[in-house]
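Residue numbers (our numbering), protein chains in the order written: chain A, 1 to 178; chain B, 1001 to 1200.
Okay, here's the thing in structure tokens:
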């Protein structure tokens, strides 16, 4: 039948308010079932700490930051709630993207910037964010979203600071996006 | 009584299975919202697409209302839900630095994972950057440990800080969110007209 011909064009993104409510329900389920919220940067910290310990065990042992993620040695530091959650995030993103035909090998950027420069910006931005997230003890998921819903003073102050930093720097990198 | 894990309905290992399932829901929602795409996320900072604000505030309001009503009904012991201490100065400075990284790189940690799994090269490179940034933080940690642990305010929440009831703060946050949604719709309409650009 002709009208059954499959349409592989990417579907438009969902309504932001409905998406937000769905995200809020996922967060609420985490609170109700596990007694904790979501996170992302914490999982990456566990990987970094394990990596440093593999390469330089004595160096890692002297550093309180790595030790916090390595634990007391009785359990595997990667057998961790956030590590399993972030693997789920990867799977969930892939599922949603493939159902909506949005899986694509590409680089997202504005029209006036080269792919190479965009990737330099991406690495620099990731580095800055990784540092900032650790200084703040969380990122947009773990602190702004989770702390925001729990009405944590730190979570709300952090969220306004994130928007402040973003708007303050936006002018200087506008060529990358506009 | 909830949270179930804290009342020993199941153990650590089953908790990891739940972590994986909740992660799938989280990643699915982020991708649906367009958060696997750096252009959508960065647009927030140029006011022509305010999805970040809309999704974040609707999610916070939904989860906040859920917590409030479950606890009010006596089904949830809110004091057992983990809420970290507030370290006000490192958190404000860290947030500001993170915001700069957000607009330069186009993602935050969770969204870069979704971007990676949907095939975006910039998301993958960004994720590598986060690994590197956390490594740098770990290496300089002994030098900044004092600042990192400074201005500890304990587990302080907005109701305690403002001296208002929990319900009153919940109500004010809902009003703030509705105001932010109205402002976001207005900004998108004005800028779409000015730039001749759709809101994607």
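We treat Cβ as the ideally placed atom computed from N, Cα and C, and that holds for glycine.
Predicted, not measured: the structure shown is a model, and the values here were computed from it.
- In the structure shown, what three-state DSSP assignment does residue 106 (chain A) receive? strand
- Item | Segment contact flag, the stretch 8-21 of chain A with the stretch 50-60 of chain A, C-beta cutoff 8 Å, min 3 pairs | no
- Query: With distances taken between CB atoms, is the gap from residue 44 (chain A) to residue 86 (chain A) smaller than 9 Å?
  - Reply: yes
- Pick from B:1009, B:1035, B:1159 and B:1083 that is closest to residue 1123 (chain B), judged by C-alpha positions: B:1035
- Would you please verify whether the beta carbon of residue 1045 (chain B) is less than 9 Å from any beta carbon of chain A? yes
- Item | Status (buried if at least 16 other CB within 10 Å, exposed otherwise) for residue 52 (chain A) | buried
- Item | Beta-carbon gap between residue 137 (chain A) and residue 81 (chain A) smaller than 9 Å | no
- Query: Comparing the C-beta of residue 175 (chain A) with each C-beta of chain B, is any distance below 9 Å?
  - Reply: no
- If you draw a straight line from the C-alpha of residue 165 (chain A) to the C-alpha of residue 122 (chain A), how long is it? 17 Å
- Going by C-alpha distance, which of B:1108, B:1086, B:1047 and B:1031 is nearest residue 1181 (chain B)? B:1047
- Is there at least one Cβ from chain B nearer than 9 Å to residue 70 (chain A)'s Cβ? no
- Item | Environment of residue 46 (chain A) [buried if 16+ CB atoms lie within 10 Å] | buried
- Message: Mapping the DSSP letters down to three states, classify residue 137 (chain A) as helix, strand or coil.
- Response: coil
- Output, in chain order, the set of chain A residues within a Cβ distance shorter than 7 Å of residue 1042 (chain B). 177
- Under 7 Å from the C-beta of residue 1192 (chain B): neighbouring residues of chain A: What residue 1192 (chain B) touches in chain A: nothing, since even the nearest Cβ is about 14 Å away.
- Message: If the cut-off is 7 Å on Cβ atoms, which residues from the stretch 1155-1182 of chain B count as contacting chain A, listed in chain order?
- Response: 1156, 1157, 1158, 1159, 1161 and 1169
- Item | Pick from A:145, A:132 and A:143 that is closest to residue 1144 (chain B), judged by C-alpha positions | A:132
- Query: Which term fits residue 1112 (chain B), buried or exposed, when burial requires 16 or more other beta carbons within 10 angstroms of its beta carbon?
  - Reply: buried
- Taking just the CA atoms, how far does residue 175 (chain A) sit from residue 168 (chain A)? 15 Å
- Message: Taking the beta carbon of residue 155 (chain A) as the centre, do at least 16 other beta carbons fall within 10 Å, making it buried, or is it exposed?
- Response: buried
- Just the Cα atoms here: how many angstroms apart are residue 1033 (chain B) and residue 1055 (chain B)? 7 Å
- Message: Just verifying my parser: in three-state terms, what is the DSSP assignment at residue 36 (chain A)?
- Response: coil
- Kindly provide the ranges of any alpha helix (DSSP H) runs that are 4 or more residues long and lie completely inside the stretch 1061-1110 of chain B, ordered along the chain. 1088-1105
- Item | Expected contact under 8 Å - CB spacing of residue 1118 (chain B) and residue 1031 (chain B) to nearest Å | 6 Å
- Message: Using beta carbons (cut-off 9 Å, strictly below), is residue 8 (chain A) in contact with chain B?
- Response: no
- Task: Output the boundary residues of the alpha helix (DSSP H) element that contains residue 1148 (chain B).
- Result: 1121-1148
- Message: Check for me: the alpha helix (DSSP H) holding residue 54 (chain A) runs from which residue to which?
- Response: 41-55
- Task: Enumerate in chain order the residues of its own chain whose CB-to-CB distance from residue 1174 (chain B) is below 7 Å, with the five nearest sequence positions on each side excluded.
- Result: 1061
- Task: Would you please state the rounded distance, in angstroms, between the beta carbons of residue 182 (chain A) and residue 49 (chain A)? I believe it to be under 8 Å.
- Result: With chain A covering 1 to 178 only, the question about residue 182 (chain A) has no answer from this structure.
- Item | residue 14 (chain A) - DSSP class collapsed to helix/strand/coil | coil
- CB contact check: residue 54 (chain A) to chain B, cutoff 9 Å: no
- Query: Are residue 124 (chain A) and residue 1105 (chain B) close, meaning C-beta to C-beta below 9 Å?
  - Reply: yes
- Query: Can you list, in chain order, the residues of the stretch 114-138 of chain A whose Cβ is nearer than 9 Å to any Cβ on chain B?
  - Reply: 115, 118, 119, 120, 121, 122, 123, 124, 125, 126, 127, 128, 129, 130, 131, 132, 133, 134, 135, 136, 137 and 138
- According to the neighbour-count rule (16 or more other Cβ atoms, all chains shown, within 10 Å of its Cβ), is residue 1150 (chain B) buried or exposed? exposed
- Message: Using the Cβ count rule (16 or more neighbours within 10 Å means buried), how would you classify residue 1146 (chain B)?
- Response: exposed
- Message: On the CB-based measure, 16 or more other CB atoms within 10 Å of its CB, does residue 66 (chain A) come out buried or exposed?
- Response: buried
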